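What follows is a short report on a single structure.
Residue numbers (mature numbering (1 follows the signal peptide of the UniProt record, and there is no 0)): -29 to -1, 1 to 501.
Next up, the structure:
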């Protein structure tokens, strides 16, 4: 099956015009060196840390309410570690729970997320690191398995690009019971706000991007990153002594939508004269799916140009690509790849200058997950604020992704994702019931039984689907609301062992089909039947 779309040409003039039309945004002070709401978090650290590039990493404590600070199980080779890898935050193994970082962001911007995991150097006989899920808002991103890197004494990083759907983004570690017997952990987290032009061809209303490969062809040096890349993207070297050349051309990265660092154009692969250039890249096999592919070119000769055709897996990607020393990029947002991939550059004519390539990026595309109905989210947030000793996993989206709803929360995954049940019995909760609980209008069941709640029972008459209300064995006081008797669907009402007073409303005592229990433990006059 041929790929579903043609690639786009991002020439310097077109990109520059686009950039001139972009609005100007003031940089905030969240992470010096980056724009907007950006974060460099050293997980488990007690104080700020500055790395070898001069970047300041902040402790993660203000952004997460769960987990325990710790250190890698074993020291790295020679005991020398990147300062951001010297600590970690570990979370308990609670199947189905997700533990989230809550990060203020600019709504409708897109963000690069890069979590890093360093478990410590392992021997073949050591216990393997835990395997767990990464979740962003309601989207299940990927599974983390650091075993191979840990055996090599190395850290593992994952990178994705996600839209901000609200004023906060939640980045979560999910405990999948099908994986391993240990809880998740994390060493560092970067959240970098991207310019509006970067990866702007992707429809972030429906898709997010997960990095497969980002490569600087012909390079034998270090990873290209910040400060050369203003978003701290990692461009990995890809050496090949047969085809690698260097260049001193000055390429202006601002002329490209994706804003690659100028240094990625300092090296290239150049084909031999009258021969195609064939690359197996990315170096790993890919699942049969749609991918975002971006390729970057700049002629290594001053005031020169060359024309060639670009193929990917024998499909024509772009014909007659004319590359000058000013540089350009081509990209496709939904290119079908499967298995090992070959990039083939063929000269346009026998006498033409041989084709070349400087850099490339490949991202996997995956669907943005659905989110809980906003009104239900706001109601649950209000309940959180009025309660103490809440579960550690009451962060992130309350219902999504599937299998990762908050402890005690059950949801309906219909056309709208609604909360249908709250089962918070015997959870050691204290505090009070806010009136906003009545905004959870899809609820059929509520149980706060056997906790230490104080205050009055709020008006729940908006809960037209409520069937069971269990508030027994708390410290509630005041009158039993007569509005409970107006809920036609109510079938069970347990209020015993509180400090409620006054008469029980007749519309409850005489309600057809209602099973109730008000005694013992309340002070009613007259006493209701028991």
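Glycine included, each C-beta is placed from N, C-alpha and C at the ideal position.
Just so it is clear, the structure is predicted and the values come from calculations on it, not from any experiment.
| Item | Value |
| --- | --- |
| Host alpha helix (DSSP H) of residue 348 (start-end) | 345 to 357 |
| Residue 220 classed as buried or exposed, judged by whether at least 16 other C-beta atoms fall within 10 angstroms | buried |
| Residue 111 versus residue 305 - alpha carbon distance | 20 Å |
| Given residue 122 as reference, the closest of 291, 100, 22 once Cα atoms are compared | 100 |
| Beta-carbon proximity list for residue 358, same chain, < 6 Å, skipping 5 on both sides | 400, 402 |
| When 70, 292, 492, 82 are compared against residue 180, the one with the closest alpha-carbon | 82 |
| Cβ-heavy atom distance, residue 63 to the ligand ADP, below 7 Å | No copy of the ligand ADP appears in this structure; indeed no ligand is present at all. |
| CA nearest to the CA of residue 468, picked from 481, 443, 456, 474 | 443 |
| Secondary structure of residue 113, DSSP reduced to three states | strand |
| Alpha carbon of residue 427 to alpha carbon of residue 19, nearest angstrom | 45 Å |
| 6 Å CB neighbourhood of residue 264 in its chain, flanking five on each side removed | 303, 306, 333 |
| Own chain partners of residue 319 with C-beta closer than 7 Å, once the 5 adjacent residues on each side are dropped | 278, 279, 280, 291 |
| Helix, strand or coil at residue 130 according to DSSP, with G and I counted as helix | coil |
| Helix, strand or coil at residue -26 [DSSP, three-state] | Reliability of the predicted coordinates at residue -26 is poor, the pLDDT of 39 falling under 50, and the value obtained from them is presented with this limitation in mind. If DSSP states are grouped into helix, strand and coil, residue -26 belongs with coil. |
| Within 8 Å, strictly: CB atoms of residue 409 and residue 394 | no |
| Extent of the continuous alpha helix (DSSP H) run through residue 84 | Residue 84 -> not in any alpha helix (DSSP H); beta strand (DSSP E) instead, spanning 81 to 88. |
| Candidates 56, 24, 7, 5: closest to residue 30 by CA position | 56 |
| Contact under 8 Å by Cβ, residue 230 with residue 240 | no |
| Euclidean distance between Cα positions of residue 342 and residue 172 | 24 Å |
| C-alpha gap between residue 255 and residue 284, whole angstroms | 14 Å |
| Exposure of residue 502, with buried meaning 16 or more beta-carbon neighbours within 10 Å | Because the chain here runs from -29 to 501, residue 502 falls outside it and cannot be looked at. |
| Distance between residue 369 and residue 225 (C-alpha atoms, nearest Å) | 41 Å |
| Cβ-based burial, residue 200 [other Cβ within 10 Å; buried from 16] | buried |
| Reference residue 365, options 62, 314, 68, closest by Cα | 68 |
| Assigned secondary structure, residue 23 (DSSP; H/G/I helix, E/B strand, else coil) | coil |
| Beta strand (DSSP E) segments (min. 3 residues) lying fully within the stretch 287 to 353 | 299 to 310, 313 to 318, 330 to 338 |
| Cβ separation of residue 260 and residue 335, assumed to be a contact under 8 Å, to the nearest whole Å | 6 Å |
| Per-residue DSSP class, three states only, for residue 163 | strand |
| Assumed close pair residue 158, residue 126 - CB separation to whole angstroms, cut-off 8 Å | 7 Å |
| DSSP-derived helix/strand/coil call for residue 120 | helix |
| Span separating the alpha-carbon of residue 234 from that of residue 301 | 18 Å |
| Touching by the beta-carbon criterion (3+ pairs, under 8 Å), the stretch 476 to 488 and the stretch 444 to 461 | yes |
| CB of residue 186 within 8 Å of CB of residue 128, strictly | no |
| Nonlocal neighbours in the same chain, by C-beta distance under 6 Å from residue 65, ignoring five residues either side | 146 |
| Residue span of the alpha helix (DSSP H) that contains residue 477, given as start and end | 477 to 480 |
| DSSP-derived helix/strand/coil call for residue 416 | strand |
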